Amino acid sequence: MPRIPQIQERSDVPEDMAHHFDAIASSRGRVSGPFAMLLNSPEIAGRAAHLGSYIRFESVLSADIRELAIITAAREFDCHYEWSAHVVLARDSGVREEAIQAVANRGALDGLTDDEALVIGYGREMLGSKRVSDNTFGKAEARFGVKGVTELTATMGYYAMLACALNTFEVEPAPDAERLP
1 MPRIPQIQER SDVPEDMAHH FDAIASSRGR VSGPFAMLLN SPEIAGRAAH
51 LGSYIRFESV LSADIRELAI ITAAREFDCH YEWSAHVVLA RDSGVREEAI
101 QAVANRGALD GLTDDEALVI GYGREMLGSK RVSDNTFGKA EARFGVKGVT
151 ELTATMGYYA MLACALNTFE VEPAPDAERL P
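Residue numbering for the sequence shown follows the numbering used here, beginning at 1 and increasing consecutively.
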């Protein structure tokens, strides 16, 4: 049971802030998960959703790279809700099962493609040790360019923020959803 109210009805948001609810519902089809919690502060929810919409729907990163980055962030924060929401999207976007299992089980990166190993390794460094080595950063910049490495970093940081909120507010996935091991 979440620690704070889940805002899922427009009437639960002050009228002068309802445009944030509307924007979230419009871009995602409904209000749920982290946004149902963040709407307890509508301005935070609106601003977070705006950034999230760019990351999810307009980023220069390909869908498979983006979703691999997201599930890596979910894993680094042990966020079951974020994992369950995005592991399906990762598979749908073409992320190989070997990469998904390496993330889920914190496994070795041997046998993964160069891109898979790079994204997972980048996320483990950034979110685990809180720094990215020159070697890893150089590889990411060479592969994705300055804009791409900026968006990779922002994607992982954004989903780390959502994972913090989801974990703090104790938002759990549906009982039948795929969970982290």
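Idealized CB from N, CA, C, for every residue including glycine. If you're wondering where the values come from, they're calculated on a predicted model, not measured in any experiment.
Sequence-distant residues of the same chain with beta carbon closer than 6 Å to residue i, five excluded per side
i, result
"K147", "V60"
"S27", "S53"
"H20", "P42, A45 and G46"
"A63", "S93"
"R10", "A18 and F21"
Buried versus exposed, by CB contacts within 10 Å (16 or more), residue i
i, result
"D114", "exposed"
"E82", "buried"
"T168", "exposed"
"V88", "exposed"
"A183", "In this structure the chain extends from 1 to 181, so residue 183 is not present and cannot be described."
"D16", "exposed"
"A69", "buried"
"G29", "exposed"
"G121", "buried"
"R106", "exposed"
"R56", "buried"
Beta-carbon gap between residue i and residue j smaller than 8 Å
i, j, result
"A174", "A74", "no"
"A140", "L118", "yes"
"A102", "E67", "no"
"P42", "V13", "yes"
"R143", "E116", "no"
"G111", "T72", "no"
Member of the options whose CA lies at the smallest distance from the CA of residue i
i, options, result
"V171", "A49, S53, I24 and A85", "A85"
"D22", "R66, Q8 and G33", "Q8"
"Y54", "S32, I24, A142 and V95", "I24"
"G94", "A102, A108, I65 and R106", "I65"
"A48", "E178, A177, D92 and A154", "A154"
"M156", "S11, F77, H50 and R10", "F77"
"L127", "D176, M1, Y159 and S32", "Y159"
"M1", "V149, L109, L166 and R10", "L166"
"E178", "G138, C79, A108 and L109", "C79"
Close-in-space but distant-in-sequence residues of the same chain around residue i (CB under 7 Å, 5 per side omitted)
i, result
"Q6", "A36 and M37"
"A104", "R75, L180 and P181"
"E125", "R131, V132, S133 and T136"
"E151", "S59, V60 and L61"
"L51", "Y158"
Own chain, CB closer than 8 Å to residue i, minus 5 neighbours either side, in chain order
i, result
"I4", "M37, N40 and F169"
"M161", "A48"
Next on the checklist: List, from N- to C-terminal side, the beta strand (DSSP E) runs of 3 residues or more that fit wholly inside the region 34–114.
Outcome noted: none
Item to check | Start-end ranges of the alpha helix (DSSP H) lying completely within the region 114–138, minimum 4 residues | outcome: 114–123
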